[in-house]
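Novice:
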Amino acid sequence: MGLKIWLNDGLVDESEAKVSVFDHGLLYGDGVFEGIRVYGGKVFELKAHIDRLYMSAKAIRLPIPSDPDELARNTQTTVEANNIQDGYIRMIVTRGKGSLGLNPLTCKTPQIIIIASCIQLYPLELYENGLRVISANTMRNHPLCVNPQIKSLNYLNNILAKLEALDRDMLEAIMYNHEGYVTEGTGDNIFVIRDGKIYTPPTSSGALEGITRNVVIKLARENGYEMFEQNLTRYDLYIADEIFLTGTAAEVIGVVEIDGRSIGTGRPGPITKVLLVKFEAYVRK
Ligand code: PXG
């Protein structure tokens with residue numbers, strides 16, 4: 588027996604959890620998703636994730652055949668059925684089965700999939716020693732293309748940037764927008780610290796409005812830090828005292844090198860460490 592997967596209207600065994608090869612999610616990346624953590628059996632920020640899923644779906648005119656409360660209950664059911672205490676949920680809504688042509692109107696029934704399983708974290712050593720990153724040549728999607736706020740099933744923009752990092756034996760790349768401003772990592776938001784003040788790019792730069800990002804902004808303000816959402820340049824990264832990334836998978840992780848320049852002391856900085864501790868306390872509370 589494999590995992591129990593939520594498929595449309597109920598749980599099925601992993602071996603039975605199948606979608607059509609004519610699903611436009613597969614054929615065209617036509618769909619949306621969320622990645623969510625479970626801490627101590629509790630789904631982290633479930634409402635915020637479901638809200639974002641519905642916003643992504645609305646932006647691509649994908650009607651989710653379920654209401655948000657029902658989706659939340661089904662998520663909880665899937666977590667419990669798999670006895671997940673600390674893990675990861677992947678929620679997917681595809682356009683569904685259609686014809687071999689772009690026309691999304693040929694897809695009559697969107698498919699809802701909820702997987703509750705484990706998650707591959709960055710190696711623990713990196714939370715101690717920090718991450719080395721590069722600036723990607725691949726530009727973040729222009730907001731007039733697929734807006735980066737939409738968590739769509741087409742992640743090629745990010746995957747191409749990720750490959751640039753992997754080619755250089757690094758795990759993450761920072762992406763810039765069409766104006767040269769910093770947006771985010773391939774699967775994480777970015778924060779920069781200079782003279783004790785914390786900065787993160789506004790979502791209008793082309794960054795996803797990360798759930799972790801929003802929690803960290805709140806925790807930073809509650810703990811008395813000056814926190815600004817403003818455009819940042821590559822130069823701002825090069826001269827930062829500290830940089831860290833936030834995301835569902837990464838949580839809060841220090842960056843100690845970018846494009847061969849070491850950041851601050853070359854070790855995760857003090858404010859990064861404080862916010863990681865505050866974040867860990869917040870998710871377990
Ligand atoms: N930017 C992008 C482009 C993302 O995909 C984030 C920022 C951080 O957002 P959250 O809401 O997670 O704080 C993401 C999230 C994975 C994986 O499998 C990726 C994400 C989330 C969960 C898993 O690599 N990306």
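Residue numbers (the working numbering): 588 to 872. The beta carbon of each residue, even a glycine, is placed where N, CA and C say it ideally should be.
#1: Evaluate the contact criterion for the stretch 687-695 versus the stretch 795-811: three or more CB pairs, one atom per stretch, below 8 Å.
#2: Could you check whether the Cβ of V606 sits closer than 8 Å to any Cβ belonging to chain C?
#3: Which residues in the same chain as T681 place their Cβ atom closer than 6 Å to its Cβ, once the five residues preceding and following it in sequence are excluded?
#4: Compute the Euclidean distance between the alpha carbons of F620 and P857, then round it to the nearest angstrom.
#5: Going by DSSP in three states, Q672 sits in which element: helix, strand or coil?
#6: Take T859 and list the residues in its own chain whose beta-carbon comes closer than 6 Å to its own, dropping the five residues that flank it on each side.
#7: When every heavy atom of the ligand PXG is checked, does at least one fall within less than 7 Å of the C-beta of A836?
#8: Look up M814 in the DSSP assignment and give the residues it is bridged to.
#9: Determine, using beta-carbon pairs with one atom in the stretch 716-735 and one in the stretch 662-682, whether at least three such pairs fall under 8 Å.
#10: Using alpha carbons as the reference points, say which of P650, I623, L795 lies closest to I637.
#11: Are the CB atoms of I647 and I737 within a distance shorter than 8 Å?
#12: Specify the secondary structure class of G622 as computed by DSSP and reduced to three states.
#13: Going along the chain, which residues of its own chain have a beta-carbon closer than 7 Å to the beta-carbon of K865, five neighbours each way excluded?
Specialist: Taking the structure as given:
#1: no
#2: Chain labels in this structure do not include chain C; a single protein chain is all it has.
#3: Mapped onto the sequence shown, residue 681 falls at position 94. Once the five neighbours on either side are set aside, the close Cβ partners of T681 are D610, G612, G618, Q698.
#4: Reading the sequence shown from its first residue, position 33 is the one you call residue 620. Reading the sequence shown from its first residue, position 270 is the one you call residue 857. Their Cα atoms are separated by approximately 34 Å.
#5: The residue labelled residue 672 in the question sits at position 85 within the sequence shown. Reduced to three states, the DSSP call for Q672 is coil.
#6: Against the sequence shown, residue 859 aligns to sequence position 272. Cβ neighbours of T859 beyond the five flanking positions: E829, F831, G841.
#7: Indexing the sequence shown from 1 puts residue 836 at position 249. Yes; taking the cut-off as 7 Å, the Cβ of A836 has a heavy atom of the ligand PXG nearer than that.
#8: For the purposes of this step, residue 814 is taken as residue 227 along the sequence shown, with counting starting at 1. Paired residue(s): I785.
#9: no
#10: On the sequence shown, residue 637 is found 50 positions in, with the first residue counted as 1. Ranking P650, I623, L795 by Cα distance to I637 puts I623 first.
#11: What you label residue 737 is simply residue 150 of the sequence shown in a count that begins at 1. What you label residue 647 is simply residue 60 of the sequence shown in a count that begins at 1. Cβ distance < 8 Å, so I737 and I647 count as in contact.
#12: One-based indexing of the sequence shown puts residue 622 at position 35. Strand at G622.
#13: Reading the sequence shown from its first residue, position 278 is the one you call residue 865. So the list reads L806, N810, once near-sequence residues are dropped.
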